[in-house]
Amino acid sequence: MKKRQTQARVPRCKKCGAPAVIYMRQHRLALCETHFQEWFVNYTQRTIEKYHMFGPEDRVLVAVSGGKDSLALWDVLTQLGYRADGLYIGLGIDEGTQYSQRSLEAVRGFMAERPGLRLYVVDMKEAYGETIPELARRVRRGRGKPCSVCGLSKRHIMNELALREGFDVLVTGHNLDDEAAVLFQNTLRWQTGYLARQSPVLEATHPGLVRKAKPFCRFYEREVAAYAIVRGIEYQYDECPFSVGATTIYYKELLNQLERHSPGSKFQFYTQFLKAKKKGLITFHEPEGEVVLRPCRICGQPTTAGEICAFCRMWVRPDMDLEEAKRSVPSLTFRVETSESEEG
Ligand code: Q46
Ligand code: ZN
Ligand code: ZN
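Start counting the sequence shown at 513; every next residue gets the next number (my numbering).
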């Protein structure tokens with residue numbers, strides 16, 4: 513009697529009846545290893561099409577950190593036949609864990625098994641003379657944590673490199689858990705500007721901005737992790753040491769509690785928000801009318817922060833004239849590595 517009950521509970525793949533490796537309640541779908549991989553790749557393509565992210569002719573730049581999300585994304589886009597190159601930014605975060613070095617090793621390990629991939633590498637120390645923690649200490653931004661300097665630098669570098677190298681779109685591995693946590697945070701504070709902009713695809717609203725997309729935004733984190741594992745991707749398991757105590761982690765925990773109590777709620781929360789916005793049932797605006805973007809007088813990237821963007825300001829002193837300021841801001845340098853060779 514007992515035995516029969518146990519057997520009945522083993523989920524079976526909906527396609528072939530083999531033992532399932534995953535059950536996705538929000539889709540009422542259990543799949544075996546083979547069919548889960550197939551489904552995951554097809555569902556990514558459906559998300560790309562649903563939100564008009566990019567087409568087969570577009571050049572795609574994948575921001576890779578060495579973590580499961582970005583490497584799984586690069587893997588899927590390559591399988592789907594997209595022209596997708598990687599961009600890795602060496603932040604120089606060590607803190608006794610060699611976090612950055614091990615992240616780059618994970619990216620290189622991934623590439624070694626996939627010939628023909630191309631990776632742009634920007635090393636903060638080489639390009640700008642300082643690692644992220646050093647830069648954050650010097651400019652004293654972010655109350656002891658380098659995250660604000662890090663986020664600002666990554667956004668700036670990704671945008672500049674994508675435009676300079678002629679990419680049509682920059683993609684990131686943000687998943688549903690990331691997006692739901694950000695949505696939750698923004699809703700709690702009614703951050704109308706952020707709510708207006710939160711979207712799976714961000715159009716280039718200015719010639720100095722690259723289009724951005726998040727093809728994994730409808731996957732739970734556990735689904736991406738399961739995909740990375742069944743594909744044998746050896747990713748960097750550790751989080752950045754500075755992520756400890758981040759508010760988004762706290763919101764993720766809250767949403768996980770909610771999810772345990774009411775499965776599928778994260779998916780509903782995020783996708784219904786997008787649907788309601790699309791239908792015009794809810795609308796959000798920037799608090800003070802339209803945001804005015806002007807090109808930074810040093811790097812040319814659009815900024816709302818006045819004459820000089822927040823990134824360039826990290827190298828500029830108030831007593832400098834424009835010419836001196838221009839000379840003080842280091843310019844972006846990078847190297848290219850390909851799967852066939854150790855160093856590019
Ligand atoms: S912002 Fe902060 Fe992250 Fe940069 S310093 Fe680490 S935790 S990597 S997404
Ligand atoms: Zn199956
Ligand atoms: Zn600038």
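Built from N, CA and C at the ideal position, the CB exists for glycine as well.
Because the structure is a prediction, the values reported are computed rather than measured.
### Task
Using DSSP bridges, identify the partner residues of Leu573.
Asp597 and Leu682
### Task
Quick one: measure Cβ to Cβ for Ala618 and Tyr747, integer angstroms, because I've assumed they're closer than 8 Å.
5 Å
### Task
Please name the residue in Val574, Pro523 and Ala788 whose C-alpha comes closest to that of Glu677.
Val574
#### Entry: 8 Å contact criterion, which Thr867 and Ala596 should meet: CB distance rounded
Nothing about residue 867 can be reported from this structure: the residues present for the chain run from 513 to 856 only.
### Message
Tell me the DSSP secondary structure of Lys787 in three-state form.
### Response
helix
#### Entry: Tyr732 versus Leu682, Phe781 and Met826, residue with shortest Cα-Cα distance
Phe781
### Task
Go ahead and label Cys528 buried or exposed: buried means 16 or more other beta carbons lie within 10 angstroms of its beta carbon, across all protein chains shown.
When all chains shown are included, Cys528 counts as exposed.
### Query
Just the Cα atoms here: how many angstroms apart are Val742 and Gln549?
8 Å
### Message
Beta-carbon within less than 8 Å of Leu647's beta-carbon, same chain only, minus the 5 sequence neighbours each way: which residues are those?
### Response
Excluding positions up to five away in sequence, the list reads Met636, Tyr640, Pro658, Val661, Ser665 and Met826.
### Residues that DSSP places opposite Leu631 in a beta bridge
DSSP, once it has assigned bridges, lists Gly598 and Glu849 as partnering Leu631.
### Task
Could you tell me if Ile644 is buried or exposed, where buried requires 16 or more neighbouring beta carbons within 10 angstroms of its beta carbon?
buried
### Whole-Å CB distance - Val634 paired with Ile601, under 8 Å assumed
5 Å
### Query
Should Leu541 be counted as a contact of ligand 2 given a C-beta to heavy atom distance under 7 Å?
For Leu541, the distance from the CB to the nearest heavy atom of ligand 2 is not below 7 Å.
### Message
For a test of your reading of the model: does the CB of Pro658 fall under 7 Å from any non-hydrogen atom of ligand 1? Yes or no.
### Response
yes
### Query
Under the criterion of a Cβ to heavy atom distance below 7 Å, does Ala530 qualify as lining ligand 2?
Because some heavy atom of ligand 2 lies under 7 Å away, the Cβ of Ala530 counts as near it: yes.
### Message
Let me check understanding here. Comparing Cα to Cα, which of Ile534, Pro799, Ala740 and Lys791 lies closest to Gln703?
### Response
Of Ile534, Pro799, Ala740 and Lys791, the residue nearest in Cα terms is Pro799.
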